[in-house]
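Protein chains in written order, with the working numbering: chain A, 1 to 488; chain B, 489 to 976.
Listed below in structure tokens is the structure:
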């Protein structure tokens, strides 16, 4: 069928652009001489525009129409058509001139945000945020929505998710977490977490071997901000940050990125040429990184198995018994900074941002009121006083980048990960033994079958329903956290 | 003027494609996990085709025509138009279907060549070479020529060069070199050239600092086959091969690639958007690598300045006096393999290939006769017996890759380098002192002014005439080699 070949060619071309753009970005963060930066930015900008043009061109629109009229499409081809059509329609609704102005604004806003954070000066950033919000509200109107403008923005991160659902999920979760956190026992023993970079590198590689992340189709490099990036389906790279003062960052950070990467490596290759490669959603993707980082990495079974090696590398741990070490790795306490938060308190950082950005989009909260609202919620939910905007409302880049609707994905990731882990454990009572003995192949196999291989052929909710028999629910996460951090 | 902006945009777009393709290639050779290879090849192929389409599209043809009709172009814009027009016309002359079939053939031929070389089996490669030759002769006819079909092929490597000129240059050079080589003194002392990789890396970096290659706009990595690659004008990378049995390979190889890279780094940036970035020709480019490798790197002045450090790194040299070391580094003797040849005998390897490929294109020599003809010339010019085709006619990839007309560039590089060095030395009698004291800035400055910054705005011959006041001539090279290797 000539038509579906044309359809596939379209996505093969996009894949080639994606590979080039991803590599240009990866190289910029890991290898590139600094002086190359301005030309590199130009190149990435140009190729991104070229790729975008292909997705919005008249000839692609015609191809879409022909596909819609076609008979005999397979289920996967129909899904491909549906995803591409939705994306096309969203793209086409924004006038090109407005989009161009918005891209420029966001680029300037990120620069302004960096300086504002550095100088702890909210006033430097606020005017940009106001303009970004105006655009975001306009975009929500262009995209269209039934109940809440924020719903329209959620699609880019979590297709199918709504404010109604999130309100329900997050309210329950918040009401469970707040008392749990309030009743946390006092501080754990203060341990020496310092380690030189070389030793951290060795352990990161050991751990990746243990969890069977396929380095023959990836690599690990060092960067200031860790990330996972898919160059192509057989070349999925991760980076980590080696902090010589605290090796926990690199070790658990590497596990986190290895989780993202294993997902990407196990997506069915044939989906790439239907535009269905990549994760089901940001939330599902995050569930895979958090599964590796928390549900495996911070578990007793895993940590016990790697502790002797860790003690051999790090002499300061030789007199520390496992229980003390385990408590240190799993220390939970309310804090100010999201990216440094533990698995127990993390969701509250997200819920705070969700409530604020939803109100901003709705118009219930103004940019000028935002810092005070931020500080109030941190006090209310986490019991902490925010000492400065730099350590408060200015800490994340997301709003400067115009990513409204992104934050919920992080908490959804935890929620999904807990649901999936319960199902995996129920099906395979050997789960803990596998982890303890480093027998990771059956776990990876289960994830491939149930989550990874499907790429974007399933919506997040379809995927979760298929695996767990239920819709999204915070109950498994609450059970996990209560059993791990509860005092009862 | 809107038209010249459009013209510049065309080349800016090509530059972006070039940056992506170069990086995809560099990464493949230095960083990429092996399993990524098939998808990477697809990506490079697709983006190369996209870039080629832009150079041969109807809309570019229209732009060319408008530029031709335009008034008030600057001299550089006129040169840009001329270079682009010639290239367009060459590209347009080959029917797309033939080009596609040829690209496939060449790709298969390279694979066949690799196996044939490995198994020392000429018969495995000969049928491919026959087909490639048929295409090359056809291309020569498409491109058109006055005197000799080989002239038409030379353009891609050395614009303006002809068989008539090359015959004259190479005949003179050969007649000077053959007796010089025959009268070489007996072998030099056998020294221990082994060194571990780490020490070689340190010395390579030292030497790059000495010759002032700008690593803030480049990098050095390890590869099996060393190369220089321009990612963009401020990101020019080189690679080297560390051979622990003989450190001379890495050290002089790095100098060679640093020469190419320094050229690329010093080309006037504004030429990129006129399609005039890059070297004037392959021969001029090679002259810059050979200038660094031989005329600087293997000189008494340079080697004396770095010898104490080298002795400190390599204990086996501590009892070796400088004269013995210098003789070892500059040992010249007839050999079988081009890429291992010294600066004295190297040109003869090239002249042999030139004579053979010229005869093949002309039809004076058949593919079946080629191995015997190869062996005969090696005996005649270099006095060596070729023991096998693997070490003879099958040693180079160039013919398998369809690069007829490429080989002469290597010898032209030596010829140009000697001419340029004579001029530089005549203008600056301090030349040797600069090298001895590592004061490399004035040398780089001279090269920038006289060679590098011009990019493709000058033809090779214009460039050489501007600097030396003469056309290309083998005399300076003969004088250099006679004074260095002559017995008188």
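For every residue, glycine included, the Cβ atom is placed at its ideal position computed from N, Cα and C.
Keep in mind it's a predicted model, so treat the numbers as computed, not measured.
Q. With DSSP run on the structure shown, which of helix, strand or coil describes residue 472 of chain A?
A. coil
Q) Start and end of the beta strand (DSSP E) containing residue 219 of chain A? A) 218 to 222
**Q.** Stretch-stretch touch, CB-based, cutoff 8 Å, three pairs: the segment 699 to 716 of chain B with the segment 665 to 677 of chain B
**A.** no
**Q.** Contact list for the segment 697 to 709 of chain B against chain A, Cβ threshold 8 Å
**A.** 703, 704, 705, 706, 707
Q: Determine the direct distance from the alpha carbon of residue 610 of chain B to that of residue 598 of chain B, and round the result to whole angstroms.
A: 13 Å
Q. Tell me, which residues are paired with residue 238 of chain A by DSSP?
A. A:220, A:228
Q: Check residue 639 of chain B in the structure and name its three-state DSSP category.
A: helix
Q. How is the alpha helix (DSSP H) around residue 625 of chain B delimited, first residue to last?
A. 610 to 631
Q. On the three-state DSSP scale, how would you describe residue 816 of chain B?
A. helix
Q) Residues of chain B with CB under 8 Å from residue 232 of chain A, in chain order? A) 524, 527, 528, 531
Q | Ordered list of alpha helix (DSSP H) runs contained in the segment 393 to 477 of chain A, each at least 4 residues | A | 408 to 427, 431 to 437, 441 to 450, 460 to 468
Q. Should residue 867 of chain B go down as buried or exposed, given a rule of 16 or more other Cβ atoms within 10 Å for buried?
A. exposed
Q) Using CA coordinates, which residue listed in A:409, A:207, A:420 is at the minimum distance from residue 470 of chain A? A) A:420
**Q.** Residues of the segment 10 to 22 of chain A with Cβ closer than 7 Å to any Cβ of chain B, in chain order
**A.** 13, 16, 19, 20
Q: Taking 8 Å as the cut-off, decide whether the C-beta atoms of residue 838 of chain B and residue 865 of chain B are in contact.
A: no
Q. Using a beta-carbon distance below 8 Å, is residue 346 of chain A in contact with chain B?
A. no
(Q) So if I threshold CB-CB distances at 9 Å, which residues from the segment 46 to 79 of chain A count as touching chain B? (A) 46, 47, 50
Q | CB contact below 8 Å: residue 756 of chain B versus chain A | A | no
Q.
What would DSSP say about residue 681 of chain B, mapped onto helix, strand or coil?
A. coil
Q) Beta carbon of residue 105 of chain A, beta carbon of residue 130 of chain A: below 8 Å? A) no
Q. Which chain B residues sit within Cβ distance under 8 Å of residue 33 of chain A?
A. 703, 704, 705, 706, 707, 722, 723
Q.
To the nearest angstrom, how far is the alpha carbon of residue 74 of chain A from that of residue 82 of chain A?
A. 12 Å
Q | Meets three-Cβ-pair contact criterion under 8 Å: the segment 1 to 12 of chain A and the segment 695 to 704 of chain B | A | no
Q) Is it the case that the Cβ atoms of residue 903 of chain B and residue 969 of chain B are separated by a distance below 8 Å? A) no
Q. If you draw a straight line from the C-alpha of residue 84 of chain A to the C-alpha of residue 153 of chain A, how long is it?
A. 17 Å
Q.
I'd like to know whether the C-beta of residue 762 of chain B is nearer than 8 Å to at least one C-beta of chain A.
A. no
Q. Is any beta-carbon of chain A found at less than 8 Å from that of residue 515 of chain B?
A. yes
Q) Is the beta carbon of residue 842 of chain B less than 8 Å from the beta carbon of residue 895 of chain B? A) yes
**Q.** Entirely enclosed alpha helix (DSSP H) segments - the segment 18 to 90 of chain A, minimum 4 residues
**A.** 37 to 56, 58 to 69
Q: Check whether the Cβ atoms of residue 943 of chain B and residue 702 of chain B sit closer than 8 Å, and answer yes or no.
A: no
Q) Counting pairs of beta carbons, one from the segment 24 to 40 of chain A and one from the segment 59 to 79 of chain A, are three or more of them closer than 8 Å? A) no
(Q) Quick check: the Cα distance between residue 102 of chain A and residue 400 of chain A, rounded to an integer number of angstroms? (A) 12 Å
Q: Kindly list the residues whose CB is nearer than 7 Å to the CB of residue 585 of chain B, restricted to its own chain and excluding five residues on each side of it in sequence; keep chain order.
A: none
Q. Given residue 548 of chain B, which residues of its chain have a CB within under 8 Å of its CB, disregarding the five upstream and five downstream residues?
A. 498, 542, 576
**Q.** Any chain B beta carbon closer than 8 Å to residue 271 of chain A
**A.** no
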